[in-house]
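Below you can see the structure in the form of structure tokens.
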């Protein structure tokens, strides 16, 4: 199974070409679009969201992750085997939170970038072929194990906003399980109450909850939390005792 | 074959996670996105569109339908076997027009909601696992047949708008075959003429036609019918003799 | 493998129904969405983009291409076998640049349009069934070879804009390899410099480059080229010696 995580969006021939490469080489492997609106050009923030999703993905998948503003420059391409899953992407911090979280069973490799590939579309020309090779034989030709990927020392959580979904719900890079009881986010000086789910608060009420990925998420029942507070990906939040 | 019908939209990691659950458990079953912009938070209207699409779907599919503003509350989850196809979703009226239309061969079951699942994402945690179980073995563990689903007494057609597509075409929940000859919709006091297809009227002309699902649809050739009349999902239309 | 190239967009039940037809008849064939925002209602421009993508697609695929403002009229439906791949779509010029480019191994057939199909959705009712038939048995029943498809005499390149992607990058129908050294596009009287990739110019700089499909593409690093110059699909560009 291939899982795609990118900032390509759904417009244009970009996602389709990546999938055509995968399906041509591995026609019996399902190809799943995990998401294509990861934080554009922001591999650090997108990386924390990927780590939260990856935590929940069962083994035996090859995840192709591309948020890659440095495509065509000298940045490395890497592949990592983590607890039975493979991750492929640029070495710009995007994969770091996921790699760092896999303390037990991890190996990271520099991917060769073949000559003659396009300078602007490594998703199709570098990452998809590498992912297909991993799905078929479980290894990369000319592999070179590395120990110094970009973001190796990043903390396990970030208090920044890592994603805002189509409803205006605000996802942070902080896992709810890391918070002490009664601690929650403060936004624009307003302490945010905790709830279990949307239906537990009245329409228009802002709350935070442990979302289905385990992250602290700020939402408004039948409303748009990001618009209400003018929040954007990359903004920092404070956490303090709320109750 | 799995078919997905939701109001999740294409943004975020929501559809992708549902598909990852299905592909992990049933890697050889195709997964088709039927649509992800069903009328948001409006299971009744979305349900009539689903029934029109389902009428056209051949047997041997498992349809996962999720328009579910009550997720996390006490609303039931249900599965229905209808003429050889399985439907899975919340018991909030979304499946009712489809179930009601299958008078001959139908059985409806309450789905168990396991403990420990997320309160906010039953698409991933309840409906997708149930759909996979149905695709694999054709039955739900701990099944409980019911006879009182929400919307059991809904009429077979509705004169409300059930969907507005990306071109501004207005789909009603009224099957064209139920109208007498010469009868058509009246919008804002204007009787709408019938045509066979877009190319049969001049650009800018408003008309109604029997669309490819068999529903009464109001459109403007090379224009936007919803904008012209200020129509929204849920609005009621009148039908009267036009010619 | 099926590849879909349409102007249907991602909204509504249209793409999903095409895919349901394909998956029902050919459940083991991958179905890939190449793109669904080809230039709407403009088969000529979309056709040059399709030809550029098709040039890059490996054999053994069936490509379903639908940009079809004349659906329901007398326009023909065609299928073409080109260097081992099959293309299916309306005979309105959309397939012409692709067919014309396959000088060595090509045969073009008129597709029968069965009675009783919907007048508005030949993607589902005509092209998808024909594509499934080609994928299964490699031929169309009742085939009729033709030599006079619409657009047979179109040039191999066009200096018009054929697509504007979600970032505002402007794709022309001109293959970069056809330009003499030092020749580039002029937009609103401004000669555009060439670069190898986005990272080679400063933010805000407009440039053209040979994109990953081999076409001349005009872009602004971290900006929107279409908005800056007010460009739209169908606009013509001039090419002249720049340096």
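Residue numbers (our numbering), protein chains in the order written: chain V, 248 to 490; chain Z, 248 to 490; chain X, 248 to 490.
We put the CB at the ideal spot given by N, CA and C, even for glycine.
- The alpha-carbon separation between residue 439 of chain X and residue 311 of chain V amounts to approximately 34 Å.
- At a C-beta separation below 7 Å, residue 320 of chain V has these neighbours in chain X: 446.
- One alpha carbon belongs to residue 384 of chain Z, the other to residue 456 of chain X, and they sit about 54 Å apart.
- Judged by DSSP in its simplified three-state form, residue 328 of chain X adopts strand.
- Taking 7 Å as the CB threshold, residue 257 of chain V lines the interface with chain X.
- Taking 7 Å as the CB threshold, residue 310 of chain X stays off the interface with chain V.
- Residues of the segment 455-474 of chain Z that bring their beta carbon within less than 8 Å of a beta carbon in chain X comprise 456, 458, 459, 460 and 469, in sequence order.
- Residue 401 of chain Z and residue 338 of chain Z have their C-alpha atoms some 14 Å from each other.
- DSSP, reduced to helix, strand and coil, places residue 360 of chain X outside both helices and strands of the structure shown, so it counts as coil.
- DSSP assignment within the segment 394-427 of chain V yields no whole alpha helix (DSSP H) run of 4 residues or more.
- Linking residue 295 of chain V to residue 469 of chain V through their CA atoms gives a straight-line distance of about 26 Å.
- Rounded to whole angstroms, the Cβ separation of residue 374 of chain V and residue 336 of chain V is 6 Å, and the two are in contact under 8 Å.
- Interface annotation for the segment 364-383 of chain Z against chain V: 365, 366, 367, 368, 371 and 372, criterion Cβ-Cβ distance under 8 Å.
- Per DSSP, residue 342 of chain V lies in no alpha helix (DSSP H) segment and is marked neither H nor E.
- Under the three-pair Cβ rule at 8 Å, the segment 409-421 of chain X counts as touching the segment 464-484 of chain X.
- With respect to residue 415 of chain V, residue 343 of chain V sits apart: the two C-beta atoms are not nearer than 7 Å.
- Here the alpha carbons of residue 320 of chain V and residue 423 of chain Z stand approximately 58 Å from one another.
- In summary, residue 305 of chain X is exposed, with fewer than 16 beta-carbon neighbours lying within 10 Å of its beta-carbon over all protein chains present.
- Within chain X, the residues placing a beta-carbon under 7 Å from that of residue 274 of chain V are 248 and 277, ordered along the chain.
- Assignment of residue 384 of chain V by DSSP, reduced to helix, strand and coil, places it in the helix class.
- Between the segment 439-455 of chain V and the segment 378-394 of chain V there are fewer than three inter-stretch CB-CB distances shorter than 8 Å, so the stretches are not counted as touching.
- Chain-order list of chain Z residues neighbouring residue 280 of chain V: 263, by C-beta distance under 7 Å.
- DSSP places residue 487 of chain X within a strand segment (E or B) once states are collapsed to three.
- For residue 300 of chain Z, the enclosing alpha helix (DSSP H) begins and ends at 290-303.
- Take the alpha-carbon of residue 348 of chain Z and the one of residue 405 of chain Z: they are about 13 Å apart.
- Using beta-carbon distances, residue 271 of chain X counts as an interface residue toward chain Z, with a partner under 7 Å.
- If you check the CB distance, residue 334 of chain Z and residue 390 of chain Z do not come in under 7 Å.
- Here residue 291 of chain X has 340 as same chain residues with Cβ atoms under 6 Å from its own Cβ, once five neighbours each way along the sequence are excluded.
- Taking C-beta atoms as the reference points, residue 293 of chain V and residue 285 of chain V count as a pair closer than 7 Å.
- Among the CB atoms of chain V, one or more fall inside 7 Å of the CB of residue 267 of chain Z.
- Following the DSSP letters along the chain, one finds residue 263 of chain X inside the alpha helix (DSSP H) bounded by residues 261-272.
- With a beta-carbon spacing of about 6 Å, residue 329 of chain V and residue 346 of chain V fall inside the 8 Å limit used to define contacts.
- When the Cα atoms are used, residue 261 of chain X and residue 445 of chain Z turn out to be separated by approximately 16 Å.
- Between residue 257 of chain V and residue 283 of chain V, the C-beta gap is smaller than 7 Å, which places the two residues in contact.
- Chain X has no Cβ within less than 7 Å of the Cβ of residue 254 of chain Z.
- By the neighbour-count definition (other C-beta atoms within 10 Å, threshold 16), residue 441 of chain V is a buried residue.
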